[in-house]
Amino acid sequence: MILGQSHLRPLKQTCSEIKSENKFVKYKCKTENSMQTEAVYSSDLTFNLEIWKRELKFHLSELDMFQKKLEEIAGRENSGQSSLDLESFQNKILIERDAIGKLLHRCRAKLGNLHSADHYKNINGQIQYEKRSLYEDLRHYIKLHYDFKENIMDFFLKWL
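Numbering of the sequence shown is given in the numbering used here, commencing with residue 45 and proceeding in unit increments.
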């Protein structure tokens with residue numbers, strides 16, 4: 045076998061060849077294989093969490109812009125007609141900021157758990173289950189945020 049060609053074969057085939065030579069080396073190869081799989085899984089999860097954090101931070105900046113526009117509308121003379129809507133939207137902004145803060149905290153905690161995980165063992169189902177729960181919560185939040193955004197944009201079209 046030419047030395048440069050060994051990397052072209054699939055890892056399982058390489059491991060089975062090593063098995064025929066030495067049982068201990070085969071075990072070591074399997075360990076490397078599982079560590080590689082875990083590292084890819086961990087990096088994928090880390091990537092997802094970083095993307096979610098960026099999206100939540102973007103939503104925070106949107107809420108800041110919405111708050112400024114609401115204050116602009118409140119400063120106008122005809123704000124008496126829109127005061128109930130203004131108060132409602134300001135309350136919703138406060139609630140969304142709180143929800144974003146909690147979701148960001150959960151993302152940071154999840155990243156901390158991933159970074160402190162023992163990479164020589166398989167990631168247990170608990171981290172995957174927690175990720176799914178966080179994922180579902182983020183999907184639900186984003187759906188609610190875009191509903192809120194649609195309503196506030198309609199309000200801005202009416203009053204700006």
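Where a beta carbon is used, it is the ideal one built from N, C-alpha and C, also for glycine. Keep in mind the model is a prediction, meaning the values are calculated, not measured.
Under DSSP, the alpha helix (DSSP H) around residue i begins and ends at which residues?
{"i": "Glu131", "result": "Ser127 to Ser160"}
Would a C-beta distance cut-off of 8 Å place residue i and residue j closer than the cut-off?
{"i": "Ser154", "j": "Leu93", "result": "Checking the sequence shown, residue 154 turns out to be Lys, not Ser. Yes."}
{"i": "Lys206", "j": "Phe200", "result": "Absent from the structure is residue 206, since the part of the chain shown begins at 45 and ends at 204."}
{"i": "Trp96", "j": "Cys151", "result": "yes"}
{"i": "Leu158", "j": "Ser86", "result": "yes"}
{"i": "Glu131", "j": "His189", "result": "no"}
{"i": "Phe110", "j": "Ile196", "result": "yes"}
{"i": "Leu138", "j": "Leu100", "result": "no"}
{"i": "Leu89", "j": "Ile144", "result": "no"}
In this structure, how does DSSP classify residue i when only helix, strand and coil are distinguished?
{"i": "Arg120", "result": "coil"}
{"i": "Glu65", "result": "Confidence at Glu65 is low in this model, with a pLDDT of 40, below 50, so the placement of that residue should be treated as unreliable; the coordinate-derived value is given next. Correct three-state label for Glu65: helix."}
{"i": "Leu107", "result": "helix"}
{"i": "Leu204", "result": "coil"}
{"i": "Ile186", "result": "helix"}
- Would you be able to state if there are at least three C-beta pairs under 8 Å between the segment 117-136 and the segment 176-185? The segment 176-185, when compared against the segment 117-136, does not touch it at the 8 Å Cβ threshold.
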